[in-house]
Each structure stands twice: as C-alpha cells, then as structure tokens.
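In the numbering used here, the protein residues as written are 301 to 401. Using N, Cα and C, we set each Cβ at its ideal position, and we do this for glycine too.
So this is what it looks like as structure tokens:
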C-alpha cells in the first residue's frame with residue numbers, strides 16, 4: 301500500500317501517470333457511521349485508490365491496522381488484502397477509484 305498525506309503534497313503531485321492504468325472501472329463514495337466497517341478482502345484484477353474526505357478511520361492492509369485521516373490517499377495493489385473501520389466516535393467517508401491494471 302502506498303499512502304500519501306494531502307498536507308504533504310504541496311501545490312501539485314501526480315499520483316497516477318499517463319498510461320499507468322488501462323482505464324477507470326468505477327468511482328464510488330463510501331460513508332460509514334461510527335463503528336461501521338468494510339470486511340477485509342482482495343482483488344486480482346485492479347488497483348484501488350482511496351481518498352478520505354471526512355472523519356477518521358482505520359485501514360487494515362495485509363493484517364496491519366493503521367489510521368486513515370481526512371486528506372490522506374491510500375493506493376492498494378492487486379492481491380493486497382484490505383478493509384476499513386470507522387472511528388468509534390466519528391463518521392468516516394472516502395472516494396474509491398477502481399482502475400484496470
């Protein structure tokens with residue numbers, strides 16, 4: 301998993317380069333109420349880019365749990381096992397972009 305913090309990017313940072321992916325499969329918005337979660341799972345056919353835009357949650361990646369804050373971006377490669385949990389006191393929301401590899 302690659303993780304970027306919005307506040308550390310500065311004025312511009314290219315996250316995905318031209319030709320890096322074959323196309324966008326979907327763009328979803330996920331909202332979680334306090335304490336809700338998304339089961340750990342994996343994909344073999346795509347990478348996923350997550351952009352947290354509200355609240356605080358936890359990322360579980362290959363068995364390791366870490367904080368995921370508003371303004372952070374996480375990119376999961378194929379076969380990386382990943383899931384999410386909302387903070388116990390705050391709602392949590394992100395945009396997920398699925399891209400063909």
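Assumed close pair residue i, residue j - CB separation to whole angstroms, cut-off 8 Å
i	j	result
residue 393	residue 331	5 Å
residue 304	residue 315	7 Å
residue 395	residue 351	5 Å
Beta carbon of residue i nearer than 8 Å to that of residue j
i	j	result
residue 375	residue 327	no
residue 381	residue 361	yes
residue 399	residue 359	no
residue 318	residue 401	no
residue 383	residue 338	yes
Candidates the options, of which the one nearest residue i by Cα
i	options	result
residue 313	385, 401, 373, 335	373
residue 353	370, 341, 401	370
residue 266	399, 355, 308	As shown, the chain starts at 301 and ends at 401. That puts residue 266 outside it, with no answer to give.
residue 389	357, 323, 379, 399	357
residue 345	378, 391, 302	378
Residue span of the beta strand (DSSP E) that contains residue i, given as start and end
i	result
residue 382	382-386
residue 367	364-369
(Q) Quick check on the DSSP output: what are the complete alpha helix (DSSP H) runs of length 4 or more inside the region 301-341, in order along the chain? (A) 306-309
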